[in-house]
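>
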Amino acid sequence: MGEPRRRRRAEGIPDRAPLVPVAFAVVAVLLFAVPLAGLVWRAPWSSAWEVLRSQPARNALRLSLVTSLSATAVALAFGVPLAWVQARVEYPGKRLVRALTTLPMVLPPVVGGVALLLALGRRGIVGRELDRIGVHLPFTTAGAIVAEAFVAMPFLVLTLEAAFRSADRRLEDAARTLGAGRFAVFRRVTLPLVTPSLVAGTVLCWARALGEFGATITFAGNLQGTTQTLPLFVYIKLEGSNPDSAIVLSLVLLVVSVAVLLALRDRWLTAR
Amino acid sequence: MSLTGEVRVDLDGFTLAVALRIEAGSTTAVVGPNGAGKTTLVRALAGLRALSAGRITLGGTVLDEPATGIYLPPERRPVGVVFQDNLLFPHLDALDNVAFGLRARGRRRPEARAIAAEWLDRVGLADRHRARPHELSGGQAQRVALARALAPDPALLLLDEPLAALDATTRSDVRRDLRHHLATFPGVRVLVTHDPVDAAVLADQVVVLDQGRIDQTGTPEEITAHPRSRWVAELVGTNLFTGTAASDGTVHLDGGGVLVVADAQRQGPVFAVVSPRAVSVHRTRPEGSARNAWPGRITAVEPVGDRLRVRVAGTPSVVAEVTAAAVREIGLTEDTNVWVAVKATEIDVYPG
Chain A
685 MGEPRRRRRA EGIPDRAPLV PVAFAVVAVL LFAVPLAGLV WRAPWSSAWE
735 VLRSQPARNA LRLSLVTSLS ATAVALAFGV PLAWVQARVE YPGKRLVRAL
785 TTLPMVLPPV VGGVALLLAL GRRGIVGREL DRIGVHLPFT TAGAIVAEAF
835 VAMPFLVLTL EAAFRSADRR LEDAARTLGA GRFAVFRRVT LPLVTPSLVA
885 GTVLCWARAL GEFGATITFA GNLQGTTQTL PLFVYIKLEG SNPDSAIVLS
935 LVLLVVSVAV LLALRDRWLT AR
Chain B
10 MSLTGEVRVD LDGFTLAVAL RIEAGSTTAV VGPNGAGKTT LVRALAGLRA
60 LSAGRITLGG TVLDEPATGI YLPPERRPVG VVFQDNLLFP HLDALDNVAF
110 GLRARGRRRP EARAIAAEWL DRVGLADRHR ARPHELSGGQ AQRVALARAL
160 APDPALLLLD EPLAALDATT RSDVRRDLRH HLATFPGVRV LVTHDPVDAA
210 VLADQVVVLD QGRIDQTGTP EEITAHPRSR WVAELVGTNL FTGTAASDGT
260 VHLDGGGVLV VADAQRQGPV FAVVSPRAVS VHRTRPEGSA RNAWPGRITA
310 VEPVGDRLRV RVAGTPSVVA EVTAAAVREI GLTEDTNVWV AVKATEIDVY
360 PG
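Those protein sequences? They're chains A and B, same order as listed.
Following this note's numbering, the numbering of the first sequence begins with 685 at its first residue and continues without gaps.
Following this note's numbering, the numbering of the second sequence begins with 10 at its first residue and continues without gaps.
#1: Does DSSP put His291 of chain B in a helix, in a strand, or in coil?
#2: Run down chain A in chain order and give the residues with a C-beta less than 9 Å from the C-beta of Ala3 of chain B.
#3: Determine contact between the stretch 738 to 751 of chain A and the stretch 882 to 891 of chain A, defined as no fewer than three beta-carbon pairs at a distance below 8 Å.
#4: State the beta-bridge partners of Ser11 of chain B as determined by DSSP.
#5: Give the straight-line distance between the Cα atoms of Gly305 of chain B and Glu338 of chain B, rounded to the nearest whole angstrom.
#6: Roughly how many angstroms lie between the CA atoms of Arg114 of chain B and Arg131 of chain B, to the nearest whole one?
#7: Terminal residues of the continuous alpha helix (DSSP H) containing Glu774 of chain A?
#8: Using the three-state DSSP reduction, which class does Pro688 of chain A fall into: helix, strand or coil?
#9: In angstroms with no decimal places, state the Cα-to-Cα distance between Ser941 of chain A and Asp815 of chain A.
#10: Would Pro719 of chain A pass as an interface residue toward chain B - the criterion being a Cβ-Cβ separation below 8 Å?
#11: Going along chain B in order, which residues have a C-beta closer than 7 Å to the C-beta of Val873 of chain A?
#12: Candidates B:Val201, B:Asp204, B:Pro161 and B:Arg152: which alpha carbon is nearest His189 of chain B's?
#13: Along the chain, which unbroken stretches of the alpha helix (DSSP H) at least 4 residues long are found entirely within the stretch 869 to 933 of chain A?
#14: Just the chain A side, please: which residues come within less than 9 Å of Val88 of chain B by C-beta, in chain order?
#15: Expressed to the nearest angstrom, what Euclidean distance is found between the alpha-carbon atoms of Val319 of chain B and Val91 of chain B?
#16: Can a CB atom of chain B be found closer than 8 Å to the CB of Gly865 of chain A?
#17: Here's a check: name, in chain order, each residue in its chain whose Cβ is nearer than 8 Å to the Cβ of Val16 of chain B, leaving out the five neighbours to either side.
#18: Cα separation between Phe194 of chain B and Gly78 of chain B?
#19: At the level of alpha carbons, what is the spacing between Asp102 of chain B and Leu111 of chain B?
#20: Check whether the Cβ atoms of Gly1043 of chain A and Leu844 of chain A sit closer than 8 Å, and answer yes or no.
#21: Buried or exposed: Phe867 of chain A, going by 16 or more other Cβ atoms within 10 Å of its Cβ?
#22: Using CA atoms only, rank isn't needed, just tell me which of B:Ala33, B:Arg141 and B:Asp21 is closest to Val199 of chain B.
#23: Can you give me the C-alpha to C-alpha distance between Leu862 of chain A and Asp852 of chain A, rounded to a whole angstrom?
#24: Taking Cβ-Cβ distances shorter than 8 Å, what residues in chain A pair up with Phe109 of chain B?
#25: Can you pull the chain B neighbours of Pro880 of chain A, defined as C-beta to C-beta under 8 Å?
#26: So, does the CB of Phe92 of chain B fall closer than 8 Å to a CB anywhere in chain A?
#27: Tell me whether Pro688 of chain A is buried or exposed, calling it buried when 16 or more other Cβ atoms sit within 10 Å of its Cβ.
#28: Quick one, which residues of the stretch 828 to 844 of chain A are near chain B if we go by CB-CB under 8 Å, in chain order?
#29: Let's see if you can read the secondary structure: which residues bound the alpha helix (DSSP H) around Phe809 of chain A?
#30: Mind checking who Glu74 of chain B pairs with in its DSSP beta bridge?
#31: Are the stretch 171 to 178 of chain B and the stretch 135 to 153 of chain B touching, with three or more C-beta to C-beta distances below 8 Å?
#32: Mapping the DSSP letters down to three states, classify Arg854 of chain A as helix, strand or coil.
#33: How about Arg320 of chain B: is its C-beta nearer than 8 Å to some C-beta of chain A?
#34: Taking just the CA atoms, how far does Asp162 of chain B sit from Gly827 of chain A?
#35: Residue range of the alpha helix (DSSP H) that Thr48 of chain B falls in?
#36: Does chain A have any CB closer than 8 Å to the CB of Ala113 of chain B?
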């Protein structure tokens with residue numbers, strides 16, 4: 685009995701780094717680092733500016749900005765109320781709604797695209813009706829926005845719902861006793877309280893929308909200038925004639941991602 | 010103007026049912042143990058919780074009356090609330106916290122800020138206008154909270170444990186200021202507290218709540234002199250016994266034991282009150298004039314001001330307050346077997 689106990693105690697003392705987990709951790713880090721290093725290494729720095737100025741690349745850049753920002757706006761318009769309702773209103777089926785609105789985070793985006801096509805496509809249940817009133821989503825910029833919002837909105841909703849939940853409700857009570865109605869309380873107390881999470885959730889949502897590939901290409905297609913966003917452009921160019929422009933635009937997306945991470949560093953880069 | 014309330018609130022497994030009438034210009038302290046319903050009462054008066062039944066009127070205006078379907082939401086009641094942990098808005102500085110109520114009630118920003126600035130000056134924070142709540146000390150924050158509640162000029166001021174979160178020194182400072190500001194506030198004042206000193210210093214009238222009901226109402230002096238619940242007696246350090254008085258001048262206590270009292274007028278159920286200072290503690294059975302003496306064991310010795318409070322378990326158990334010198338002389342420590350004695354004339358008896 686005495687022998688094993690002594691050994692266990694010896695293990696508890698961190699006199700030197702244990703080799704096995706460190707080795708695995710190093711491999712894991714390399715798994716992340718090597719591809720990124722490769723991307724930077726292979727970048728055609730001399731022609732980068734030229735690539736960025738070319739018409740197709742500019743179209744893709746512009747389209748990506750338009751669709752991702754629009755998708756973020758859509759997510760804000762509908763996601764903020766959704767997050768608030770989920771945090772503050774009790775109703776039957778709430779868990780189901782939470783599962784439903786979280787699903788796109790784990791669903792393969794291509795499946796989301798197929799589902800969108802079947803529902804909102806020309807012959808889909810809803811799409812048929814939309815078609816009748818002259819609204820066409822598949823293979824349009826609007827469709828790309830819908831696909832991006834579908835995939836990205838949960839990031840905003842989940843972040844914000846947690847914030848609404850943890851905001852001190854008694855501050856809202858205090859505001860009401862001071863004469864503020866429900867909406868004034870929301871605007872002047874609740875929103876300021878959740879602002880850090882609102883910003884984080886919005887940035888996260890936008891980054892996800894910007895990088896969206898699977899749902900967009902499935903639902904909205906790959907039409908230059910209309911639905912060919914940056915990730916689609918990169919994919920096509922890499923397969924085709926001009927891998928250099930794919931690499932340059934990949935770098936652009938990488939820079940954006942790093943910027944997002946830095947913007948949110950207080951949230952994720954600081955161990956709590 | 011006055012506040013009248015027939016307040017009934019049904020919660021899960023708890024009912025608050027109290028009737029109140031409080032005149033403008035007076036302060037009523039609501040005291041009672043945790044869970045007595047104090048905070049629920051404040052929330053009902055503020056409109057943060059609707060009544061289940063009854064009626065609340067303020068200066069003739071009905072604020073809440075389920076029977077007629079009238080319910081004014083909090084933002085439409087002329088009520089100011091000071092909360093226990095001040096609940097200042099963390100994203101606003103002191104000035105904008107105080108201006109919040111004025112803005113919400115329709116004043117323009119410059120005007121609201123000017124009035125708020127006056128209030129901050131008045132509570133002694135002329136140099137802290139731009140400080141955020143986290144930069145304020147506990148006492149300063151509670152002063153801002155008071156200014157914020159008073160700035161919109163409410164007709165009813167509710168203070169929910171306004172001093173509870175403060176340390177002892179700050180508490181007496183803020184209490185003194187609070188006394189001054191309450192005196193100059195013309196409306197109805199309701200103060201919820203668990204501290205008997207708050208009630209004694211700040212209130213004209215005390216309402217003792219227990220388990221959702223009013224246990225006793227009176228001036229602080231009346232309540233202290235004739236505590237009717239064990240809880241209040243604990244607070245003022247008084248020994249409170251319930252029992253049955255017989256015509257021979259004895260009181261048979263409900264928890265066991267008999268006290269000989271000087272007042273033989275009363276019969277039937279009574280309260281018997283013994284000041285802890287009237288209880289003497291001895292190592293051996295005392296000889297002399299005390300008509301009540303019984304053995305017990307010391308369970309606790311704790312300082313109260315410059316004296317020591319000695320708890321003795323026996324039949325009945327009592328609290329005695331003795332001088333430190335006495336404790337040293339006869340060696341009173343925990344688990345010592347002692348005798349306690351009380352003179353018959355020191356026992357106050359009043360009907361239960």
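Cβ atoms here follow ideal geometry from the backbone N, Cα and C, with glycine treated the same way.
Just so we're clear, the structure is a prediction, and the values are computed from it rather than from any experiment.
The relevant details are as follows:
#1: strand
#2: Residue 3 of chain B is absent from the structure shown; chain B starts at 10 and stops at 361.
#3: no
#4: B:Glu32
#5: 19 Å
#6: 21 Å
#7: Where Glu774 of chain A is concerned, there is no enclosing alpha helix (DSSP H), given that its DSSP letter is neither H nor E.
#8: With a pLDDT of 48 at Pro688 of chain A, under the threshold of 50, the modelled position of that residue is not reliable, and the figure given next carries that caveat. The answer is helix: DSSP assigns Pro688 of chain A an H, G or I state.
#9: 37 Å
#10: no
#11: Phe98
#12: B:Arg152
#13: 875 to 894, 898 to 903 and 914 to 923
#14: Thr861
#15: 37 Å
#16: yes
#17: Leu25, Ala26, Val27, Ala28, Leu29, Leu50, Ala53, Leu54, Leu60, Gly63 and Ile65
#18: 31 Å
#19: 15 Å
#20: As displayed, chain A neither begins before 685 nor continues past 956, which places residue 1043 of chain A out of reach and without an answer.
#21: exposed
#22: B:Ala33
#23: 16 Å
#24: Ala859, Leu862, Ala864 and Arg872
#25: Residues of chain B passing the Cβ test: none, with the nearest at roughly 10 Å.
#26: yes
#27: With a pLDDT of only 48 at Pro688 of chain A, under 50, the local geometry of the prediction cannot be trusted, and the value read off the model is given with reservation. Per the 10 Å Cβ criterion, exposed.
#28: none
#29: The sequence given here places Ile at residue 809 of chain A; Phe does not occur at that position. Element bounds for Ile809 of chain A: Ile809 to Arg816.
#30: B:Ile79
#31: yes
#32: helix
#33: no
#34: 55 Å
#35: Lys47 to Ala55
#36: yes
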